[in-house]
Amino acid sequence: MKGRLFCANWKMHHGPRAARRFLELFLRSYNGAGDRRVWFFPPAVSLTAVLEMIQGRAGLGAGAQNVHWEAKGAFTGEISVPMLVEAGAVGAIVGHSERRHIFGEKDEEAGKKARALLEAGLTPVFCVGEKLEEREAGRTWEVVERQLQVLGDLPPSLLERVVVAYEPVWAIGTGRNATPGDAAEVHRAIRSWFAGRGVAVDATVVLYGGSVNPSNAKELLAEPEIDGVLVGGASLDPESWLSIVQT
Ligand code: PGA
């Protein structure tokens, strides 16, 4: 059983002090059920604070929001996979729509980041998703498939460790989530893409993200195709995040 995976993407919120305070409140009430994992993705400057706070707590992990594919070098502003390994991180978010659309990150870059993480034994939470005009033009799968294509030459032994987060761009931070049925259709297609490359159908973990909150989490997670969620806004407050992860 792979169990449910809940990922908190804090984006550019919570410095080290706020991160510690969050975890203090969260850990007071979190009754870590064995059937779920909860991963935090704080800003890089807060990552070690989070890792210290959750140390020794089963099912809890933390990672970075972005990573570079080179191990070291003159890359001002970047952090590397070996640094994440040293810190004890679970992995990193890769290809988030804000990286793609605000910072101009290319498909190929997301592919190199995912490969570097996998080769080091870490997990990429690999984000895919279409914009509103692409959905309306019936091009959702075409876009998602293009985004996945950069993983296409990885062997099944690495591919099976990719966590995919389907996050329709029009649902992120808008208060407008995809219906469980709409998400399920894309999740099924993602799973069969991986199956076509040698990964067992039920091995691929596919998360849904985009305006998940305490009121819609239950309905989304009741959909068997949805293995977990990637949450931005509603993960910033310990109460709201607790109610989602204890769904
Ligand atoms: P949101 O963000 O939950 O605030 O919509 C999700 C994400 O960007 O990962």
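The sequence shown stops at residue 250 when you use the working numbering, and every number in between is there.
From the three backbone atoms N, C-alpha and C, an ideal C-beta is built for every residue, glycine too.
- Following the continuous beta strand (DSSP E) through Ala192, name the residue where it begins and the one where it ends. Counted as a single uninterrupted DSSP element, the stretch harbouring Ala192 is not any beta strand (DSSP E) but the alpha helix (DSSP H) occupying residues Pro183 to Ala198.
- Task: Kindly list the residues whose CB is nearer than 6 Å to the CB of Lys116, restricted to its own chain and excluding five residues on each side of it in sequence; keep chain order.
- Result: Val70, Trp72 and Val97.
- Run through the segment 203-243 for me and flag every whole alpha helix (DSSP H) of 4 or more residues, listed as ranges in chain order. For the segment 203-243, whole alpha helix (DSSP H) runs of length 4 or above, ordered along the chain, are 220-224.
- Query: Ile96 by DSSP, collapsed to three states: which one?
  - Reply: Of the three classes helix, strand and coil, the one that applies to Ile96 here is strand, per DSSP.
- Note down the Cα distance separating Glu27 from Met56, rounded to an integer number of angstroms. Separation of Glu27 and Met56 (C-alpha to C-alpha, rounded to the nearest whole angstrom) is 8 Å.
- Close Cβ partners of Leu2 (< 7 Å) along its chain, the five nearest in sequence each way excluded: Nothing about residue 2 can be reported from this structure: the residues present for the chain run from 4 to 250 only.
- CA nearest to the CA of Asp230, picked from Gly18, Leu120, Val88 and Thr250: The option with the nearest alpha carbon to Asp230 is Thr250.
- Task: Work out the CA separation of Gly94 and Gly59 for me, nearest whole Å.
- Result: Taking the straight line from one Cα to the other gives about 17 Å.
- Query: Which parts of the segment 89-135 are runs of the alpha helix (DSSP H), unbroken and 4 residues or longer, counting only runs that do not cross its ends?
  - Reply: Qualifying alpha helix (DSSP H) stretches, in chain order: 100-104 and 110-122.
- Is it true that the CB of Gly35 sits closer than 8 Å to the CB of Ala61? Yes, these two residues count as a Cβ contact at 8 Å.
- Assign Phe25 to buried or exposed, taking buried as 16 or more other Cβ atoms, counted over all protein chains shown, within 10 Å of its Cβ. Per the 10 Å Cβ criterion, buried.
- What is the DSSP secondary structure of Phe9, reduced to helix, strand or coil? Here Phe9 carries a strand assignment [DSSP, helix/strand/coil].
- Message: Please report the straight-line C-alpha distance between Gly204 and Ala47, rounded to a whole angstrom.
- Response: Just to set this straight, residue 204 is Val in the shown sequence, not Gly. Spanning the two alpha carbons is a distance of roughly 33 Å.
- Query: Going by DSSP, what residues sit across from Ser246 in a beta bridge?
  - Reply: Ser246 has no beta-bridge partner at all, per DSSP.
- With distances taken between CB atoms, is the gap from Ala123 to Val88 smaller than 8 Å? It is a contact, given that the beta carbons lie within the stated cut-off.
- Query: Nearest CA to the CA of Cys130: which residue from Ala174, Gln150 and Ala22?
  - Reply: For Cys130, the nearest C-alpha among the options comes from Gln150.
- Query: Going by beta carbon distance, what residues of the same chain come within less than 8 Å of Met4, once the five residues before and after it are set aside?
  - Reply: Low confidence applies here, because Met4 scores a pLDDT of 48, under 50, leaving its location unreliable and the question unanswered by this model.
- Item | Delimiting residues of the alpha helix (DSSP H) encompassing Phe25 | Element bounds for Phe25: Pro19 to Ser32.
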